[in-house]
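Okay, structure first, notes after.
Chains as they are written, first to last, in the numbering used here: chain A, 75 to 550; chain B, 75 to 550; chain C, 75 to 550; chain D, 75 to 550.
Here is the structure:
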């Protein structure tokens, strides 16, 4: 089987994420396994079922413990399970999924199952699978096709095994990156006749769906989970507020107090980074292209500068723009000795790393994810994660964020699966505001937070339904 | 002339605002004036022009100084004037206005004039006129009809004098509260044939316009200046962050450190209040009905509670909901002695003040805007501004916010006046994103803030025009 | 009677304070009183007692209400009263006092009385007396000699009336500024034979006591209440954190967000100012002479600069040094138009205001406490309180701070009065750490704060007494 | 050679520190070394010198690079070297040292050498030596006796080799933990005749010195470097502000936003922890025994509670008391599932870990430094570093803090070595305030911070020397 060229490109786009999960899962996965390819093994779980392909079914117990720990931090999914004891909103659903296979995903899959769905699953990344979790899922009766360290050929073989099964056709797709969707488009386009919808989580995958939609080729409704307000705020503002500190500390042990930092971009990510660093005693400068965000930066107490005004004096440069070539060689040349450079934005193009790969500069790897780039005069700059995303490469994604995403995915599947004919057309949708609010409400108990309810009189006064939605769709 | 009943109601809606301006202007206005009604006086300015009706033309010099001071803090309008030296985008415009008549408004009017417009102006509030500013405007040739302490009859007479002039018909309306618009609808509906658009600034006025639009009665395009992002963020988040402290201090001299505060509502206003009080060392609790805002409160470090959980222990209760009966008698009964109660929201209904006007409770006015309500057992609660808006009643609106509003008004007039046929229909519009961004950019020099410009390559990469707009319309 | 020249100087040192109290009390005091000097009136209270000299005994009821309100915010003194129901630690004490005569002082005096003391009292400032409070005290049987608007001659006459009474000799002195102490030194030195000690509250008074002590002329023990840790931290760090915002807002209505501010001096006052302004979104620079405080400023996230580096760009200049000539004419010349200049430090010499009183500069009083100083080219700087203390002149001192001071004064009197022979020599003392801690503990209930107690085992482990003191004396 | 029993105890007190350095240095040290004990090897450096005992002289180049990197972050020591080019304040000094042997120590040693001193050095901890740094020092001519993984016998053998050398007697001691000092007391008491002083850095070592002093057995002056203000503030307030976040993230990946945290103790460490967590959006409660610190906590915006009031609801428990048995089994029993428990204080006794080692509880090691303790009902608490210091075990000490300590050590050596006869007696001293200020000033350039200098007139006004000291000794 050959890998379609256009697909291989897309996968590399989600490259940084696997590093993060690689890091997290590193401590859990033993490396003493034998070298036989899982594809060459015949394994069965304790009930005699062999419809899966994973590294080693014997790791199931260890994986189960991982899943149990994750369950404790994903109360929203557990709450969904409870509510599903009476009704099964996914009864009859046949979900084919392609995501990172981690303990958190396992909690999602077992929730979908509790809600009535059948699931077949592949990994969306060749490195990110937690083998012991895959084993626990297989032992639990899930048809999982994934292991850590798949080849590119393995990758597509696993996806194919998920969808290409006699007597079974998926009617829902849960995708992360769009590879699964793309494979079905390429290989089994007829399957879409029975498919009720696609739920897609990643920026890349969503982008592809919009392109399909524009081109008139999207043949089922798709739900864009990536842009729901809860996910956005948590992934960006709140999560980056913490991960910028974590990523910088783990890689460089830098003391934040008194450091001069320039943050390029004052969107949600930039706002989170700036707030955290200011709180830790750094002196923060901001660059912006959008005058509205620029004015917000001013009001929040940051000097708005052009990069060249401060580049000689800052200790840390952080990009959060989503733009390309924000930190170019010219700026890198002018940074002072020891300056730390990293990227928290949405692409790996913000820092022009390529421009540093020239003969006169010496690269020295001083730690995992940390390079010193050394100028002829001895000046060093400290480049983190080779300019890729710091928060994904050098810190971990909190389970709480993953829980929000997973809950949103589950609700999106339920919504698409149960929506009356005609509610959704062949287009890309955001989750209805009310379901966004529902996801949020399921996460409030984590904080022992008590929501106030509108009285009938108040609801009438405000012109709102007592159960929401409470805000216009564009509220962020 | 009789005042139409339905109008008199509407004006009372903007009641709180005048208190604020009354407060501000109090120190500037001498009270030694004679008692003759301006309507009975014959005054002319130094050039012999008498087409105005104000308190006393002799105060013009003093008013001029006020205007000059305001000019220094409204650089965006001054920048507009400069750019207008070449072209006159309002050449031919005949603007009839009805706003508070203050030094800041004068800067706006003189800017409109510099841009080419003719202006006739009345006050939107019977108390808020700065007489000396009105004098300076009259001396400068503006037809102003306004004085501090108008009667209701005076109020409508002034508005009528603005529009009812032989040989002059307005082609643009700038309104604050909708009274002027309403007057023309009632009295001179034919005028709308020549009117190119309405620019409205207030919540109330905008609300009326949407109602007209819904009812199919809006016969010209209208620009909703109130909801532009720059105004909203400044009026709500940033402005309230400061005015909550100011309003509480001026009225009660309370020390914030260590105080327990409950803030009802975590929208922009609530976010601003909470941030400020937390920073001053208060312990802040939040109540919310919307789970998304609730989750934001949690992530921002506030305990989310129901009001009854903390009502006995808090020192200060602040409402920011826009809702009614948030603080009802039941809660007021349970507050502890000395508890301060105030309202920062959008209506004067959030605290059920009416429920406190019962025989067993004693009211004691201890300062301007401060009442002690005393229970039979001696318990006192401290009620501020009788439950009306604290920030308007007991603190001042920063000139910077007024500058943003005035600049937006000017741009909205220019846009409506110059828009090609068909761009705007008989509907209510938000200012185009790009003009929002332009307003923001005009205010950046105040902060000595330097905006970064996209390179051609970057603009292409992002799919943006180099000059904006940079964000989707819903960005907040 | 002539006023000794050397005394008149000292009084003027505490000048700024009266402004503050003047401001606070302004709204409470009616100005409709007759013009007769209190010294020429014969008044008696309802019990026929006439041993007092005040403005008008008829205001007693109004004053009583003021006192009752103050009692609610001074729970520590009320707690002292309760504990004194069994024992009277000041039984036999004859206290002569000279302080501001306000509702808070009244609560102190009535507490001393409840503890067993007899009191005679004069005002330490010719303007600060709340006449109605003095009336309430006189009605309650206190021998008070004070009214608002005393002449210098009145001032000393009142003090003299307190101490010069046949058949009564004070045995304790409570002073604020040292004028009372000085008077007794000058006129009745023999009185010190019976005096057990002096309690002094002000910087000036403490300074004088140390000078007496150095000169070997201090003939009784004195307690320096001014430098106790609770007072210092509250007066400086916590109080200034709030009063810098309040003082600036009340005088200028300036918006803090985005403003560039330089704070001269990073002691406790500077730390408080910087923290508040940073929290409100200002960009704050710091100047310092002490490298340790400078390093603290850096770690707290402030750029440490020399004044000349930022003087051209800042919007607000705040002095907190206790030094002289920190802001000199050279800097004032270079400030930008509209720059606000004020002083939060310990003297009125920090800004060289004298240098601004030159013919080429125009002064314009724009509000109470606010002057525009105008350069020939039209540049204005905004000078607050003519360079005197902003927090005293333009904001109010929170009752909580006054409560801490008053409680410390009461405890200091008790300590000195009851100390066994020999514990205190003829020297100036700080209150013992343990009593400092006791003052603090009496204020914790205000915050519903619950202190943890050491177990016997823990106390032994730490080598501490379970009841304190818990920290070394130098702990701040 | 036998190890004296009383010494072995003391060393275990500094146990946590080695873990930290172990962690830091882990990535730098290759583990592929041969197994021969260094004591059995014969090594010489490139100049033929063999007076050292280390792991492997061949690692010198790698160690040199480490030292060069450290030099860049220790500008104060580098500045001392520069100033010493003219004079050699330690000429003739023979320093024997016993500290962690790391790159930062190497920078200190080479600075002492540049200042004129001869040095012989051993490790104060059996695990913390960076072998490659020791190699670089040996190659550079230093007599170093230390390697990673010494036995207890090796430990004392190395110390002995430092001091027991024919023809060489130390005249200065630099100690960290007091083991070296103790060894000389035990074995070579006569050496103290030539010794001019001891500089001690650790809490433990300082404690021992004070005990010696009390017992009248201290026979030379000793300088307590541990309690200098710069070290205290940086080690405690500023450093813990960062390391609490770092330590929690690295071990648990916990999201801070919205978490409920109780911090036991509000001294400098507690203040740092609380500030950081509040800034990250946690809801923080504080417990205190000292009412003054308690009042500070209130004013800083933290609810002051007893531990039992919140123990059921909090997500994280942090001890910062220096006390013992602050978190006892009773509290651990009542914590909720998943609660994280850790210690930032000064001892490993704050959490009663021993009480958790009972049969009904299961311990599960889930990561390095992270244990789950599992109750019979399945409840887990997450115990970090087995109750030892989190900041030392699970995060790193910033080089900047180490730089301050090392600079203070160098200045203390210079001061004691050059002090005129009689300035220091046989007692324990703090570094003179002025030298504290000097240490601070040497670190200001790191922040590009510009100190203001007093004018002659100002210095006179303040009664200060222009060069300091600027504050009383007790200033913190």
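In this text, a Cβ means the ideal position worked out from N, Cα and C, and glycines have one as well.
Note that the coordinates shown come from a computational prediction; the quantities given were computed from them, not determined experimentally.
Amino acids of chain C, ordered along the chain, whose beta-carbon sits closer than 8 Å to that of residue 472 of chain B | 327, 328 and 329, listed in chain order.
Give me the Cα-Cα distance between residue 491 of chain C and residue 267 of chain C, rounded to the nearest whole angstrom.
-> Distance between the alpha carbons of residue 491 of chain C and residue 267 of chain C: 14 Å.
In chain order, what residues of the same chain lie with their CB nearer than 6 Å to the CB of residue 422 of chain B, ignoring the 5 residues before and after it?
-> Excluding sequence neighbours, residue 422 of chain B sits near 461 and 462.
Residue 444 of chain C, enclosing alpha helix (DSSP H) - first and last residue | Following the DSSP letters along the chain, one finds residue 444 of chain C in no alpha helix (DSSP H) but inside the beta strand (DSSP E) bounded by residues 444-448.
May I have the straight-line CA-CA distance separating residue 283 of chain B from residue 386 of chain D, to the nearest angstrom?
-> Using only the alpha carbons, I get a separation of about 54 Å.
Determine the chain B residues that contact residue 377 of chain D at a beta-carbon separation under 7 Å, and present them in chain order.
-> Within 7 Å Cβ-Cβ: 357.
What three-state label does DSSP hand residue 323 of chain A in the structure shown?
-> In this structure, residue 323 of chain A counts as helix in the three-state DSSP scheme.
Residue-chain proximity (residue 526 of chain C, chain D), Cβ-Cβ < 8 Å | Judged by the 8 Å Cβ criterion, residue 526 of chain C is in contact with chain D.
Which residue comes first and which comes last in the alpha helix (DSSP H) that contains residue 354 of chain A?
-> No alpha helix (DSSP H) contains residue 354 of chain A, which DSSP labels as neither H nor E.
Which partner residues does residue 172 of chain A have in the DSSP bridge list?
-> The partner list for residue 172 of chain A (beta bridge, DSSP) reads A:196 and A:249.
Where residue 399 of chain A falls: helix, strand or coil (DSSP) = Three-state result, residue 399 of chain A: coil.
Determine the burial state of residue 110 of chain D: buried for a count of at least 16 other Cβ atoms within 10 Å of its Cβ, exposed for fewer.
-> Answer is exposed; the Cβ neighbour count stays below 16.
Does the Cβ-Cβ distance between residue 487 of chain D and residue 169 of chain D come in under 8 Å?
-> Against a cut-off of 8 Å, the Cβ pair of residue 169 of chain D and residue 487 of chain D comes out as a contact.
Could you round the C-beta distance between residue 335 of chain D and residue 351 of chain D to whole angstroms and report it? I think they count as a contact, below 8 Å.
-> With 8 Å as the limit, residue 335 of chain D and residue 351 of chain D qualify as a contact, their Cβ atoms being about 5 Å apart.
Determine the burial state of residue 306 of chain D: buried for a count of at least 16 other Cβ atoms within 10 Å of its Cβ, exposed for fewer.
-> Classified as exposed, residue 306 of chain D has fewer than 16 neighbouring CB atoms from the shown chains inside 10 Å of its CB.
Under a CB-based cut-off of 8 Å, is residue 222 of chain C close to chain D?
-> Cβ-Cβ to chain D under 8 Å: no for residue 222 of chain C.
Check whether the Cβ of residue 343 of chain B lies closer than 8 Å to any Cβ atom in chain A.
-> No, residue 343 of chain B does not count as interfacial toward chain A.
Buried versus exposed call for residue 100 of chain C [16 or more other C-beta atoms within 10 Å across all chains shown] = Low local confidence applies: a pLDDT of 35 at residue 100 of chain C is under 50, so the model's placement there is unreliable, with the coordinate-based value given in what follows. Residue 100 of chain C comes out exposed.
Comparing the C-beta of residue 398 of chain D with each C-beta of chain C, is any distance below 8 Å?
-> At a cut-off of 8 Å, the C-beta of residue 398 of chain D has a neighbouring C-beta in chain C.
Hey, out of B:366, B:131 and B:198, whose CA is closest to residue 215 of chain B's CA?
-> If you compare the alpha carbons of B:366, B:131 and B:198 with that of residue 215 of chain B, the shortest gap goes to B:131.
Reduced DSSP secondary structure (H/G/I, E/B, other) of residue 430 of chain B = Of the three classes helix, strand and coil, the one that applies to residue 430 of chain B here is helix, per DSSP.
Per the contact definition of three or more C-beta pairs closer than 8 Å, is the segment 403-415 of chain B in contact with the segment 363-370 of chain B?
-> These segments do not touch.
Interface residues of chain A around residue 189 of chain B at Cβ under 8 Å?
-> Those do not exist, as residue 189 of chain B stays about 21 Å from chain A at its closest Cβ, beyond 8 Å.
For residue 140 of chain C, the three-state DSSP class (helix, strand or coil) | The DSSP-derived three-state label of residue 140 of chain C is helix.
Within chain A, the residues that residue 154 of chain D reaches when beta carbons sit closer than 9 Å | Simply none; closest approach about 20 Å.
Going by other Cβ atoms of all chains shown within 10 Å of its Cβ, with 16 needed for buried, is residue 497 of chain D buried or exposed?
-> Looking at its Cβ environment, which holds fewer than 16 other Cβ atoms inside 10 Å, residue 497 of chain D is exposed.
Which residues in the same chain as residue 203 of chain D place their Cβ atom closer than 7 Å to its Cβ, once the five residues preceding and following it in sequence are excluded?
-> Cβ contact annotation for residue 203 of chain D (same chain, cutoff 7 Å, sequence separation greater than five): 175, 197, 220, 221 and 222, in chain order.
Got a sec, what are the start and stop residues for the beta strand (DSSP E) residue 454 of chain B sits in?
-> Per DSSP, residue 454 of chain B belongs to the beta strand (DSSP E) from 454-458.
Just grab the DSSP bridge partners of residue 391 of chain D for me.
-> Assignment of beta-bridge partners to residue 391 of chain D by DSSP yields D:336 and D:415.
Amino acids of chain A, ordered along the chain, whose beta-carbon sits closer than 8 Å to that of residue 510 of chain B | Residues of chain A passing the Cβ test: 366.
Closer than 9 Å at the beta carbon, the chain D residues around residue 361 of chain C = Chain-order list of chain D residues neighbouring residue 361 of chain C: 524, 525 and 526, by C-beta distance under 9 Å.
Under a three-way DSSP split, which group does residue 502 of chain B fall into?
-> In the structure shown, residue 502 of chain B sits in a strand (DSSP, three-state: E or B).
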